[in-house]
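Okay, so here's the structure we're looking at.
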Amino acid sequence: MVILEYIIKLIGGYMTKQASKLVLITDLGPKVTLADIANPMVNVEHSVRVPFFKDKREQGTTIPLILFAALKVKALVSMGKSEEVEDLDSKTIARIRDLLNDIHGLKVSVLSEEDAENVLVAKTVQEVVFNHLVYGGSLAVRSVDDLLFEDSQNKAHTISGNGSPSFSLPPYLCRYRLKEERLNVKSPFNAINPLMKAIAKEVFSGLKNHDKDDWAPLGSFSRRVHNYITYEALCRHGFSQDELKTKINNPGLD
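Under my numbering, the first residue of the sequence shown carries the number 0, and numbering increases by one thereafter.
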């Protein structure tokens, strides 16, 4: 498949060659790159919790580590730095809290109670962050049009594996792949299945030689596929080759 070969070559130009054995991210030293985080053979906790206390209750969210780390890289690039020296975690969490605050404000001031309950907070945050990183969109939720609601187009898309375990994709990655294949983003997500199955098989190529218990607890197969596709998007659209070499603090050592 020509597209798959292109993606593998594209990612391979930046990602450390997949090792034949699993590696803990803590073994990679004090600094890592986005490629290290996205590598399917690197075991790491793949989510970051963002606390947000509002109206006397916790209303925080989680965000994929690859997106959180990419926000840090983007901040470093904007400052002309190639390595994280000052810890940027708290500032990055604050930026995501701003999104949560935007969403909360729209829910209480614009939407009816019924509509507010149908807002997909985590998926809205993730889509806004992804579009900011990949397409240069605003890192803000300014109107109801920026919100994702309970809808068939906003559900996770599950794909049966072919030479890999089954996996699911979040809607923002499905829409990304539809755009890349020059299809309408409102097309059924099934349109991307053939390529996604091929990518999943590539992701599984190293994992299949290991017991699932050795890698699944530290990152599901779906999450490793997410990371691979997200990194592809960042390689294509988000960062230059030099920018992808930017090093951040190892999240496993925080």
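We treat Cβ as the ideally placed atom computed from N, Cα and C, and that holds for glycine.
query = Applying the criterion that 16 or more other CB atoms from any shown protein chain within 10 Å of the CB defines a buried residue, is Val1 buried or exposed?
reply = Residue mapping note: residue 1 aligns to position 2 of the sequence shown, counting from 1. Because Val1 carries a pLDDT of 49, less than 50, the predicted location of this residue cannot be relied on, and the following value inherits that uncertainty. Val1 comes out exposed.
key: Residue(s) in a DSSP beta bridge with Pro63   = Here residue 63 corresponds to residue number 64 of the sequence shown, with the count starting at 1. DSSP lists Ser46 as partners of Pro63.
key: Under the three-state DSSP convention, the category Leu194 falls into   = Residue 194 sits at position 195 when you count from the first residue of the sequence shown. Of the three classes helix, strand and coil, the one that applies to Leu194 here is helix, per DSSP.
request  = State yes or no: is the C-beta of Leu132 within less than 7 Å of the C-beta of Gly237?
outcome  = In the sequence shown, residue 132 corresponds to position 133, counting from 1. In the sequence shown, residue 237 corresponds to position 238, counting from 1. Yes, the pair counts as a contact, with Cβ atoms nearer than the cut-off.
task = Can you give me the Cβ contacts of Ala115 inside the same chain, cut-off strictly under 8 Å, excluding the 5 residues immediately before and after it?
result = As a first step, residue 115 must be located in the sequence shown, where it is residue number 116. Counting only Cβ-Cβ distances below 8 Å, and skipping sequence neighbours, we find Lys106 and Val107.
ask   = Assuming Arg96 contacts Val49 under a Cβ cut-off of 8 Å, what Cβ separation, rounded to an integer in Å, is found between them?
value = For this step, residue 96 is matched to residue 97 along the sequence shown. For this step, residue 49 is matched to residue 50 along the sequence shown. About 6 Å separates the two Cβ atoms, so the contact holds.
query = Looking only at its own chain, which residues have a Cβ that is under 6 Å from the Cβ of Glu163, when we skip the five neighbours before and after it?
reply = As a position in the sequence shown, residue 163 is number 164, starting the count at 1. Here the sequence assigns Ser to residue 163, which means Glu is not the residue at that position. Contacts found: Ala199, Lys200 and Phe203.
Own chain partners of Lys246 with C-beta closer than 8 Å, once the 5 adjacent residues on each side are dropped = Translated into the one-based positions of the sequence shown, residue 246 becomes position 247. Answer for Lys246: Lys30, Val31, Thr32, Ser81, Glu82 and Glu83, listed in chain order.
request  = For Asn226, I'd like the list of residues in its chain whose CB is within less than 6 Å of its CB, leaving aside the five on either flank, ordered along the chain.
outcome  = Counting from 1 along the sequence shown, the entry for residue 226 is found at position 227. Ala37 and Ile65, listed in sequence order.
inquiry  = By alpha-carbon positions, which one of Ser167, Asp241 and Gln240 ends up nearest to Ile228?
reply    = Here residue 228 refers to the residue found at position 229 when the sequence shown is read from its first residue. Checked all of Ser167, Asp241 and Gln240; the closest Cα to Ile228 is Ser167.
request  = Check whether the Cβ atoms of Thr123 and Leu138 lie closer than 7 Å to each other.
outcome  = Here residue 123 refers to the residue found at position 124 of the sequence shown. Here residue 138 refers to the residue found at position 139 of the sequence shown. For Thr123 and Leu138, no; Cβs fall outside 7 Å.
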